[in-house]
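Residue numbers (UniProt numbering): 1 to 459.
In this text, a Cβ means the ideal position worked out from N, Cα and C, and glycines have one as well.
Everything below concerns the one structure shown next.
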Ligand code: ARG
């Protein structure tokens, strides 16, 4: 099969080399972007008088035929044409004859592939922003229903202080909000056009890169042709933002796994989001959050592999850079699956409010509040902390919780205790008392919800 670059060669390419150097096995995913880019490129070339408008129309016709063949699954990808760019160009020439050979005027695969990848990521990032919002909507919905639902809050996975379930869920809302902002912010760097950089130094043809940018909807053009074809930082930024998003989703998944265990029983995942065991009939396994947690690893891996690919490369293009693709596609696929499942999984889970409430009644997570109580009666916080520590120890030794002690018992520690201490100790009151901005009291959660609506632009 004759190569588009065959002129300089006297021998056929070794078959193993062909396989090894090709990227068509995976970069066919860029077919639509590649054709879209080519359509804009020839349009610009004809407007600039580099090719005639008759040639431009013929090339566009041919490209559209190729596009249809690709979309209908008729297109036959050929590894001997290495990558998506040359597969399409070859098919174009087969379709319309030698005039198809004018398409590559004033460009190189180096600026072409970079352009395709920019276009691909702009589309994906916009899609992921919408998916993140769907997860946030599901969180807000659960939060609205559980402002007053009290459950243990943990530090070190030890009971710390009671919090509202809405507050706990909204913590994730804000993590996802920052993830969304990072993606949004990355768009201004991804929305840059490399095309027209040529192989590395620009082109001798009187092209208009700003016109191509306009035709493709790019906001700006790379001002340096070498930078345009050399860097992949826009992909790294995507991989890094994706890693953080996966990390957040993974932490939430981990909590869903813990919460749905028999030991916690704080939530139950919907049957339609769980799987069974081939041997143990009783099992209902949280496979989805488990896999999401695990798949976070491959996204981190993709970030690190590309960082490593790039770190020692001299300017400008090097074939090493072909290794930017699989990790990017894999990350996009992984994110897509995770985001699409997380939203309905949150929306359909059952929150077992009674179990949560029972849990806070059976711990010492109200201890800080009696410490604060004594501070309000004039003791220093350190002194009070020490005394409450002793009271907790006393209670553990007598197999009681803080609400089970009598006033008399309290008074043996200090006469500052009065009857009102028991009200302070009730878990719901412990939660309600945290009225500082951003705290877990229902009134603060309502402030938080308003802010969340504002960010989602709903209500
Ligand atoms: N398939 C190549 C890649 O993804 C396209 C650019 C090839 N350029 C070159 N000079 N060999 O990087």
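In this structure, the alpha-carbon of residue 144 lies about 58 Å from that of residue 48. The shortest CA-to-CA distance from residue 57 to any of 68, 40, 71 and 73 is the one to 40. In the three-state DSSP reduction, residue 360 falls in the helix class (H, G or I). Counting along the chain, residue 399 sits inside no alpha helix (DSSP H), nor does DSSP assign it H or E at all.
Annotation: residue 223 to residue 211 spans about 14 Å, alpha carbon to alpha carbon.
The ligand ARG approaches residue 113 closely enough that one of its heavy atoms is under 7 Å from the residue's Cβ.
By DSSP's assignment, residue 267 forms a beta bridge with 351. Pairing residue 385 with residue 370, the inter-Cα distance amounts to about 9 Å.
The Cβ atoms of residue 242 and residue 225 lie no closer than 8 Å to each other. When the beta-carbon positions are compared, residue 199 and residue 261 stay at least 8 Å from each other.
In terms of side-chain proximity, the C-beta atom of residue 87 is found no nearer than 7 Å to any non-hydrogen atom of the ligand ARG. A straight line joining the alpha-carbon of residue 106 with that of residue 259 spans about 59 Å.
Listed in chain order, the non-local C-beta contacts of residue 138 below 6 Å within the same chain comprise 343, 346 and 347, local neighbours out to five positions each way being set aside. At the C-beta level, residue 121 and residue 238 come within 8 Å of one another. Between residue 84 and residue 27, the C-beta gap is smaller than 8 Å, which places the two residues in contact. Residue 221 and residue 193 do touch by the CB rule: their CB atoms are close to 5 Å apart, below 8 Å. With a cut-off of 8 Å on Cβ pairs, the stretch 291-302 is in contact with the stretch 243-257, counting three or more such pairs. In the DSSP secondary-structure assignment, residue 152 is bridged to 162. Taking C-beta atoms under 8 Å as the contact rule, residue 65 and residue 22 fail to qualify, at a distance of about 24 Å. Within the same chain, Cβ atoms closer than 8 Å to the Cβ of residue 351 are found at 142, 145, 146, 149, 165, 266 and 267, the five residues on either side in sequence being excluded. Between residue 392 and residue 410, the CB-CB gap reaches or exceeds 8 Å.
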